[in-house]
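One structure is given here, and the rest of the page talks about it.
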Amino acid sequence: MSSSASADAGSLLRHHTPFKLFWGASVASTIALQMQIVAVGWQVYQLTHSAFDLGLVGLVQFIPSLFLVFVVGHVADRYDRRNVARISALVEALAAAALALGSIEGWLNREIIFAVVFVIGAGRAFSKPTMSALLPSLMPPALLPRAVAGSASATQFAIIIGPAVGGFLYVAGPVVVYASSCVLFALCSLMLTLIKRPAAAPVNAGNSSGKSSGASLSSVFAGLAFIRSKPAIMGAISLDMFAVLLGGATALLPIYAQDILHTDSAGLGLLRSAPAVGALAVALLLARHPLRGRVGRTMFIAVGVFGLATIVFGLSRSFALSLAALAVLGASDMISVVVRSSFVQLETPDQMRGRVSAVNSVFIGTSNQLGEFESGLTAAWFGAVPAVLIGGIGTILIVLLWIRLFPDLYRVDRLVGK
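So for the sequence shown, numbering that gives the first Met the number 0 puts the first residue at 0; every next one is plus one.
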């Protein structure tokens, strides 16, 4: 793409009102979620001082995604995706309000926190794949890789701001954090309401040929069947799942902050933000200068660097070095995210994107929430540092194995829309 064409594409995104509203909604919801994550993690660890309980937070949030995966995909393809995402944001706002009320009244304990986190997980089970499927229907295919990078930059910007703000606000008490999250989720819902351009293809839940099949079992499971029929897509999605499942150390950040790096809730917020600093820098770079070629190989290298950065973080006893390692971790993960997300969306027919995104969301949820449970469980068995090291080494081994299992994915050169 020439420099003038690149500038024209960037200008189109800046003046594309549906994309700007989508971008704002993503920022608001992600800041709210990240603030909640910091507050819940710190609150649970203060209540129980248990690494296993920190892992349980991730597991409880993941369970709804697993059980709702096929329902979510069918809903995202059959109904207006804006309405589905909007209602999901309102559910998350109500959950944040419940956490705030429980903190005010003093009845918020470990079990109730887990119950509310389960509700949040259910809301995210619908919102994440629906938002992922909504974006391609708002954009011309030629702009989608740039829009994905731009959307990712919104997410990473929010992940920088959210944990830092959440950590500092927690000094005033968890009520302030949860109430602020509630307002931001409501703002997300409002911005989704303002998207006027019709979303494409939520009118039926047909198969890849576009024929409607209503709520049939074959329609509901069509997303999984489509992914299984495309080895390269399966390889891209599963690489992320297994790599981050093993390499995800974020659940243990409260332990690192308090017991290893000896900092407070504000320090925890900075640690939570550090991966997003690196990720945002890369997302902004990719939004202006998309990858030109050998994107498959680039993705594998990025995941390998993710594993190495995890190992460095696990060994670090310096707060500054830990922040740097987490920033590199986030930067490498963002390269993988942009390549994988663009590749999967561009290789999927629009009428299938809701169901494919729902299955993809479970894989991502597995790598994130279930990865947090794995980290908490491993830390309970072996300690926090060995748990992180095992995860980093495992990530590198997964990269080497996946190169052999999915050679076509490794050889993907360019991202091309259908």
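Cβ atoms here follow ideal geometry from the backbone N, Cα and C, with glycine treated the same way.
Treat the numbers as computed from the prediction; the structure is a model and nothing was measured.
A Cβ-Cβ distance of about 15 Å is found for the pair residue 345 and residue 234, leaving them out of contact under the 8 Å criterion.
In the structure shown, residue 162 falls within a helical segment according to DSSP collapsed to helix, strand and coil. For residue 229, there is no enclosing alpha helix (DSSP H), since its DSSP letter is neither H nor E. In the DSSP assignment, residue 123 falls within the unbroken alpha helix (DSSP H) covering 109-137.
Note on residue 158: 16 or more other CB atoms within 10 angstroms of its CB, so buried under the neighbour-count rule. Boundaries of the alpha helix (DSSP H) harbouring residue 407: 406-409, taken from the DSSP string.
For the 8 Å CB-CB criterion, residue 22 and residue 153 form a contact.
For residue 40 against residue 55, the beta-carbon gap comes to about 11 Å, at or over 8 Å, which does not count as contact. Note on residue 381: under 16 other CB atoms within 10 angstroms of its CB, so exposed under the neighbour-count rule. With 16 or more other Cβ atoms inside 10 Å of its own Cβ, residue 145 counts as buried.
For residue 89, the closest C-alpha among the options 379, 336 and 183 is that of 183. Residue 41: member of the alpha helix (DSSP H) spanning 16-47, first to last residue. Residue 300 carries a helical assignment under DSSP once its states are collapsed to helix, strand and coil.
In the structure shown, the three-state DSSP call for residue 169 is helix. When 87, 334, 322 and 268 are compared, the shortest CA-CA separation from residue 283 is found for 334. The continuous stretches of alpha helix (DSSP H) do not include residue 315, and DSSP gives it neither H nor E.
Here residue 195 is exposed. Its C-beta has fewer than 16 other C-beta atoms within 10 Å.
Straight through space, the alpha carbons of residue 37 and residue 173 are spaced by roughly 10 Å. Just so you know, the alpha carbons of residue 178 and residue 51 end up roughly 27 Å apart. DSSP places residue 289 outside both helix and strand once states are collapsed to three, so it counts as coil.
Ranked by Cα distance from residue 29, the first of 130, 315, 378 and 342 is 130. Residue 271 and residue 58 have their alpha carbons spaced roughly 19 Å apart. Note that the C-beta distance between residue 241 and residue 397 is below 8 Å. DSSP places residue 260 in no alpha helix (DSSP H); its state is neither H nor E. Here residue 389 is not near residue 316, since their CB atoms are 8 Å or more apart.
About 18 Å separates the beta carbons of residue 163 and residue 95, which is beyond the 8 Å limit, so they are not a contact pair. Residue 238 places its beta carbon less than 8 Å from that of residue 302. The continuous alpha helix (DSSP H) containing residue 86 extends over residues 80-104. Proximity to residue 43 across 114, 269, 81 and 391 peaks at 114, based on C-alpha coordinates. Taking 8 Å as the upper bound for CB-CB distance, residue 267 and residue 27 are not in contact here, some 22 Å apart. Apart from sequence neighbours up to five positions away, the residues of its chain that approach residue 102 with a beta-carbon distance below 6 Å are 173 and 174, ordered along the chain. Put simply, of 85, 74 and 125 the residue whose alpha carbon is nearest the alpha carbon of residue 63 is 125. The three-state secondary structure of residue 306, taken from DSSP, is helix.
Here residue 61 is buried. Its C-beta has 16 or more other C-beta atoms within 10 Å. Closest in alpha carbon position to residue 314, among 391, 278, 399 and 400, is 391. Ranked by Cα distance from residue 387, the options 307, 236, 319 and 262 are led by 307.
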